[in-house]
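Numbers -20 to -1, 1 to 350, taken from mature numbering (1 follows the signal peptide of the UniProt record, and there is no 0), label the letters of the sequence shown in order. Even glycine gets a Cβ: it sits at the ideal position worked out from N, Cα and C. Quantities reported herein were computed from a predicted structural model and do not represent experimental measurements. One structure is given below, encoded as structure tokens.
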Amino acid sequence: MLKRTIILSALAGLSLMGSAQPLSIPKSPKSLPDSLSVGIHLDGSSYFYNYEYFKPFASGYTQPGFSLMPTVQTSFGHRLLIGGGAHLKKYWGTTPFAETTPVIFARYEALKNFYVQVGTIESRDGHMLSDLLYNPLYKIDFRQENGLQLRYYGSRIFADAWVSWENYIKQGDKDQERLTAGGSILAQLTPDRTRWEVMIPIQAVFKHIGGQINDKNDPTMRVRTLSNLSLGLQVAYKYSVDGDKVGVLFQPIKFNDSYAFKPFEGNSGNGGLSATLFWATKSVDLKLGYLHGKRFATILGDAIYNSITFDYDHIDYTKNLYTGTAAYHKEVYPGILFRFDAGAYYEPNYGDLDYFYGTGIIFKLERMVK
């Protein structure tokens, strides 16, 4: 029977877009009906973000545009969901679309709250990675990832393992295969009924370049694997019934590069230590952070966090970065989120401030047609 009622989905997970701290256990996907059902989904965002970076450790840029992802999704019982559509990405000032890619996925609930997804995978929550490991802008401009994903949603634990295949090659190609993989575990050690909240985030991101069919005699085709590894601690105090909280996130992080040539020698350093104070309410997030990095590079995070700097004919290995960011987000209509972000970065060795600001509308709409 045709259902003409428009259903606008809730923003339980959507409100996390653009802000990875404080970390929190996400809710599982909504339950599917037992019978065959068809829905039309429209996910998208329109945004303007300006990153005024002047120091040599990161290049500034402006990103104005929109992403639109219309899909038709069919559920075959309460465990299997198959969807298909397109992802259209446009940057203002460019004539063609920057990206026009297909969106095809199948998601199967193999066990209760354990999902296997192939095709276009879920990444708009940033895999619940911290800002150091995953650029918050990717969650606003809809960075598309395609491959295989395994996810578990528990009441006090979340786990996500994925691989995103980014460049496919055949024998004789003059290019290398490229893929990004990762794992994210977020464990809440305290019960929900207490005001204190203690969480352990375990996070990993890998970037692999090259494969067995590459020309082994070509030095530009050597296999290379980069990795970011982290084991952190988040402690927060919930002071209101709405879930408003204050807290701190400690995150030591490791960087490794298997490539024979590196911009540094030895194994001393190759990592960093981050501490972030946060205040989070229903509509406002404020963060003050400090990062000490030595020979550290982030794979999917913002380049502002890299501590390897080429400047004035020498290499600077160490960075002490102070950060302050603010975010305002409000559900202006069911399924439609408005947000504004701003922040500043200060590195004492270079002086002055780098800063960013931006705003966006993010929406997630659904209409059931059968």
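Runs of the beta strand (DSSP E) lying entirely within the segment 160 to 209 and spanning at least 3 residues, in chain order: 176 to 189. One Cα belongs to Ala66, the other to Thr174, and the distance between them is close to 44 Å. Between Thr160 and Phe138 the beta-carbon gap is near 20 Å, outside 8 Å, which marks them as no contact. In this structure, Phe343 lies away from Gly323, with their beta-carbon atoms at least 8 Å apart.
Under DSSP, Asn250 forms no beta bridge with any residue. Under the 8 Å Cβ criterion, the segment 216 to 225 counts as touching the segment 249 to 265, having at least three qualifying pairs.
Between Lys119 and Asp140, the C-beta gap is not smaller than 8 Å, which leaves the two residues out of contact.
As a beta-bridge residue in DSSP terms, Phe28 pairs with Pro44 and Thr339.
In the DSSP assignment, Ile233 falls within the unbroken beta strand (DSSP E) covering Lys225 to Asp237. If you draw a straight line from the Cα of His21 to the Cα of Val83, it comes to about 12 Å.
Asn329 and Asn300 have their C-alpha atoms spaced approximately 8 Å apart. Under the three-state reduction of DSSP output, Gly57 falls in the coil class, being neither helix nor strand.
Comparing alpha carbon positions, the residue from Ser110, Thr289, Val98 and Thr42 closest to Trp72 is Thr42. The C-beta distance from Gly24 to Glu346 rounds to 13 Å, too long to fall under 8 Å, and the pair is not in contact. Note that the C-beta distance between Asp334 and Phe34 is below 8 Å. Minimum Cα-Cα distance from Tyr297 among the listed residues Arg275, Ala283 and Asn147 corresponds to Arg275. Taking all protein chains shown into account, Gln151 has fewer than 16 neighbouring C-beta atoms within 10 Å of its C-beta and is therefore exposed. Glu311 has Leu317 as its beta-bridge partners, per DSSP. Per DSSP, His272 is one residue of the beta strand (DSSP E) stretching across Val264 to Lys274.
When the beta-carbon positions are compared, Leu130 and Val96 come within less than 8 Å of each other. Classified as exposed, Asp155 has fewer than 16 neighbouring CB atoms from the shown chains inside 10 Å of its CB. Beta-bridge analysis with DSSP links Asp140 to Arg131 and Ser164.
Boundaries of the beta strand (DSSP E) around Phe85: Glu79 to Leu91. Boundaries of the beta strand (DSSP E) harbouring Phe94: Phe94 to Thr100, taken from the DSSP string. Pairing Gly212 with Pro232, the inter-Cα distance amounts to about 6 Å.
By the neighbour-count criterion, in which a residue is buried when 16 or more other Cβ atoms sit within 10 angstroms of its Cβ, Tyr313 is exposed.
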